[in-house]
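Asker: Got a structure for you, questions after.
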Amino acid sequence: MTEPAQTDLVWIPAQTTTLGSDAHYPEEAPAREVATAGFWIQRHQVTNAQYAEFVDATGYVTVAERPVDPQDFPGAPPENVVPGSMVFQRTSGPVDLRHLNQWWAWTPGACWNHPRGPRSTLKGRERHPVVHIAFDDAAAYAAWAGLELPSEAEWETAARGGLSNATYTWGDEPEQPGQRLANYWHGEFPYLPDTGYGTTKPVGSFEPNGYGLFDMAGNVWEWTTDWYGEDRAATPCCAADTYDPNQPQFQIARKVIKGGSFLCADSYCMRYRPAGSRLAAASAFGSVHRSRPRHRRVQATRRRPRRGPTGSSRNRS
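The UniProt record's numbering puts the first residue of the sequence shown at 1, with every later residue one more than the last.
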């Protein structure tokens, strides 16, 4: 792939900023000051068109398209141990959100270019962010583009857009009536979204943050390179030390994902905030609302920028 144009990358200056939060979800704590070196980061999430270019050039096969190891899913029905991914299912009314099988479905054949199953296509969705992307899929794209995925600290620093202690990427005030600042769930979750919501949107559909970055809140989740730990004070060093406290039966390494998605509803998941978008994601899986950089955007940063301040660059997956 040709190196991304300089205009596709945004420089984030070296700084010390407050990351995390002591006011919302426990895994966001403790809030603390973190110093990051300057780096470049992709202006928007990786699109279906960009990922198609990568696959066409390399023949890469994503995790969702590969055979499944039954040992990764103890007790799973044999008919589900096939290539595919999880797809969100809008319900006909309120459901118990604790039971994911009421609003998610394992869908054989679902993958980045068949986002809702084998009969679906990307027609008309070329500018939408790529989904069903596992961590390895995101990292492979980034490497091909001459980039790498951001750390959690880099991602959150970029997402804050220079507003170190703000609640949202745009400031401290939530959206006002009639105002739309990000693609998260507007309406009754998970059955009645407002018109135009309840799905991904083309990248750049909303105003950028203070650094000129689009969709740092909502649309799709984004992968980071950090292993997931119970809180920010004890970040694991490696795969053997990470876990998902909500799914201990699955012995699959977890990475930190950021940004929230179009499925984040205030009544259920206020994780479209810079600090609040910290979740554990199985590094081997993605879903319809993730860019397998996990509804993470495939966002990239350049390792050695040809021009501009010295630093690294990151790819948003």
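Cβ atoms here follow ideal geometry from the backbone N, Cα and C, with glycine treated the same way.
#1: Determine, using beta carbons only, whether residue 323 and residue 58 come nearer to each other than 8 Å.
#2: Around the Cβ of residue 134, are there at least 16 other Cβ atoms within 10 angstroms (buried) or fewer (exposed)?
#3: According to DSSP, is residue 8 helix, strand or coil?
#4: Can you name, in chain order, every residue of its own chain whose Cβ lies under 6 Å from the Cβ of residue 64, other than the five neighbours on each side?
#5: Restricting to Cα atoms, I'd like to know which of 67, 207, 148 is closest to residue 161.
#6: Rounded to the nearest angstrom, what separates residue 91 and residue 103 at their Cα positions?
#7: Rounded to a whole number of angstroms, what is the C-alpha to C-alpha distance between residue 109 and residue 68?
#8: Work out the CA separation of residue 122 and residue 113 for me, nearest whole Å.
#9: Does the pairing of the stretch 181 to 190 with the stretch 211 to 227 give three or more beta-carbon distances under 8 Å?
#10: Near residue 51, what residues of its chain come up, given a Cβ to Cβ distance below 7 Å and the 5 sequence neighbours on each side ignored?
#11: Report the option in 205, 186, 196, 54 whose CA atom is closest to the CA atom of residue 267.
#12: Give the DSSP-derived three-state secondary structure of residue 319 in the structure shown.
#13: May I have a chain-ordered list of the beta strand (DSSP E) segments no shorter than 3 residues that lie completely inside the stretch 122 to 184?
#14: Spatial neighbours of residue 16 within its chain, please: C-beta separation below 6 Å, excluding the five flanking residues on both sides.
#15: From residue 97 to residue 190, what distance separates their C-alpha atoms?
#16: Under a three-way DSSP split, which group does residue 226 fall into?
#17: Could you work out which residue in 226, 12, 269, 192 is closest to residue 39 when comparing CA atoms only?
#18: In angstroms, rounded to a whole number, what distance separates the CA positions of residue 253 and residue 227?
#19: Just verifying my parser: in three-state terms, what is the DSSP assignment at residue 192?
#20: Quick one: what's got a C-beta closer than 6 Å to residue 80's C-beta in the same chain, skipping five residues either side?
#21: Measure the C-alpha to C-alpha separation of residue 70 and residue 77 and round it to an integer number of angstroms.
#22: Taking its Cβ as the centre, do 16 or more other Cβ atoms sit within 10 Å of residue 48, making it buried, or is it exposed?
#23: By DSSP, does residue 42 sit in helix, in strand, or in coil?
#24: Note down the Cα distance separating residue 320 from residue 154, rounded to an integer number of angstroms.
#25: Taking residue 21 as the reference, which of 195, 56, 165 has the closest Cα?
#26: Using the rule of at least 16 other Cβ atoms within 10 Å of the residue's Cβ for burial, across every protein chain shown, is residue 158 buried or exposed?
#27: Which residues bound the beta strand (DSSP E) around residue 88?
#28: Would you give the residue range spanned by the alpha helix (DSSP H) that residue 55 belongs to?
#29: Do residue 19 and residue 156 have their C-beta atoms within less than 8 Å of each other?
#30: Whole angstroms is fine: what's the gap from residue 95's alpha carbon to residue 43's?
#31: Could you check the C-alpha separation between residue 201 and residue 194 for me, to the nearest Å?
#32: Count the other CB atoms, across all protein chains shown, that sit within 10 Å of the CB of residue 138; report buried if there are 16 or more and exposed otherwise.
#33: Under the rule that 16 or more other beta-carbon atoms within 10 Å means buried, what is residue 119, buried or exposed?
#34: What first and last residue would you give for the beta strand (DSSP E) that runs through residue 19?
Answerer: By the coordinates alone:
#1: Because the chain is modelled from 1 through 317, residue 323 falls outside the range shown and cannot be assessed.
#2: For the purposes of this step, residue 134 is taken as the residue at position 134 of the sequence shown. With 16 or more Cβ atoms within 10 Å of its Cβ, residue 134 is classed as buried.
#3: Along the sequence shown, one-based indexing puts residue 8 at 8. In this structure, residue 8 counts as helix in the three-state DSSP scheme.
#4: Here residue 64 refers to the residue found at position 64 when the sequence shown is read from its first residue. For residue 64, where only same-chain residues beyond five positions count, the Cβ hits under 6 Å are 85, 111, 132.
#5: On the sequence shown, residue 161 is found 161 positions in, with the first residue counted as 1. It is 207 whose Cα lies nearest to the Cα of residue 161.
#6: Indexing the sequence shown from 1 puts residue 91 at position 91. Indexing the sequence shown from 1 puts residue 103 at position 103. Here the alpha carbon of residue 91 sits roughly 6 Å from the alpha carbon of residue 103.
#7: Taking the sequence shown and counting its residues from 1, one reaches residue 109 at position 109. Taking the sequence shown and counting its residues from 1, one reaches residue 68 at position 68. Near 12 Å, if we compare the C-alpha coordinates of residue 68 and residue 109.
#8: The count along the sequence shown starts at 1 and reaches residue 113 at position 113. The count along the sequence shown starts at 1 and reaches residue 122 at position 122. So the alpha carbons of these two residues sit roughly 6 Å apart.
#9: Yes: at least three Cβ pairs fall under 8 Å.
#10: What you label residue 51 is simply residue 51 of the sequence shown in a count that begins at 1. Once the five neighbours on either side are set aside, the close Cβ partners of residue 51 are 112, 130, 141, 298.
#11: Along the sequence shown, read from residue 1 onward, the residue named residue 267 stands at position 267. Considering only alpha carbons, the answer is 186.
#12: For residue 319 there is no data in the structure shown, the boundaries of the chain being 1 and 317.
#13: Counting whole runs of 3 or more residues, the stretch 122 to 184 contains no beta strand (DSSP E) stretch at all.
#14: Position 16 of the sequence shown, counted from the first residue, corresponds to residue 16. Excluding sequence neighbours, residue 16 sits near 33, 35.
#15: As a working note, residue 97 is residue 97 in the sequence shown. As a working note, residue 190 is residue 190 in the sequence shown. Residue 97 and residue 190: Cα-Cα distance of roughly 9 Å.
#16: Counting from one through the sequence shown, the residue named residue 226 turns up at place 226. The answer is strand: DSSP assigns residue 226 an E or B state.
#17: Within the sequence shown, residue 39 is the residue found at index 39, counting from 1. Nearest of 226, 12, 269, 192 to residue 39, Cα basis: 12.
#18: The residue you call residue 253 lines up with position 253 of the sequence shown. The residue you call residue 227 lines up with position 227 of the sequence shown. Rounded to the nearest angstrom, the two C-alpha atoms are 8 Å apart.
#19: Sequence index remark: in the sequence shown, residue 192 carries index 192 (1-based). In the structure shown, residue 192 sits in a strand (DSSP, three-state: E or B).
#20: Position 80 of the sequence shown holds residue 80. Closer than 6 Å at the Cβ level, and outside the excluded window around residue 80, lie 106.
#21: The count along the sequence shown starts at 1 and reaches residue 70 at position 70. The count along the sequence shown starts at 1 and reaches residue 77 at position 77. Those two C-alpha atoms are separated by around 10 Å.
#22: Start at 1 with the first residue of the sequence shown, and residue 48 comes out as number 48. Label assigned to residue 48: buried.
#23: Looking up residue 42 in the sequence shown gives position 42. Residue 42 falls in the strand class under three-state DSSP.
#24: This structure does not reach residue 320, given that the chain is present from 1 up to 317, and the question cannot be answered.
#25: Mapped onto the sequence shown, residue 21 falls at position 21. Comparing Cα-Cα distances from residue 21 to each of 195, 56, 165, the minimum goes to 165.
#26: To locate residue 158, count along the sequence shown from 1; it is residue 158. Label assigned to residue 158: buried.
#27: Counting from 1 along the sequence shown, the entry for residue 88 is found at position 88. Segment 84 to 88, the beta strand (DSSP E) holding residue 88.
#28: Walking along the sequence shown from the start, residue 55 turns up at place 55. Unbroken alpha helix (DSSP H) run through residue 55: 48 to 58.
#29: As a first step, residue 19 is located in the sequence shown; it is residue number 19 there, counting from the start. As a first step, residue 156 is located in the sequence shown; it is residue number 156 there, counting from the start. Cβ atoms of residue 19 and residue 156: closer than 8 Å.
#30: Walking along the sequence shown from the start, residue 95 turns up at place 95. Walking along the sequence shown from the start, residue 43 turns up at place 43. Going from the Cα of residue 95 to the Cα of residue 43 covers about 37 Å.
#31: Position 201 of the sequence shown holds residue 201. Position 194 of the sequence shown holds residue 194. Approximately 13 Å between the Cα atoms of the pair.
#32: One-based indexing of the sequence shown puts residue 138 at position 138. Counting other Cβ atoms within 10 Å of its Cβ, residue 138 reaches 16 or more and is therefore classed as buried.
#33: Stepping through the sequence shown from its first residue, residue 119 is reached at position 119. By the 10 Å Cβ count, residue 119 comes out exposed.
#34: As a working mapping, residue 19 is identified with position 19 in the sequence shown. First-last of the beta strand (DSSP E) with residue 19: 15 to 19.
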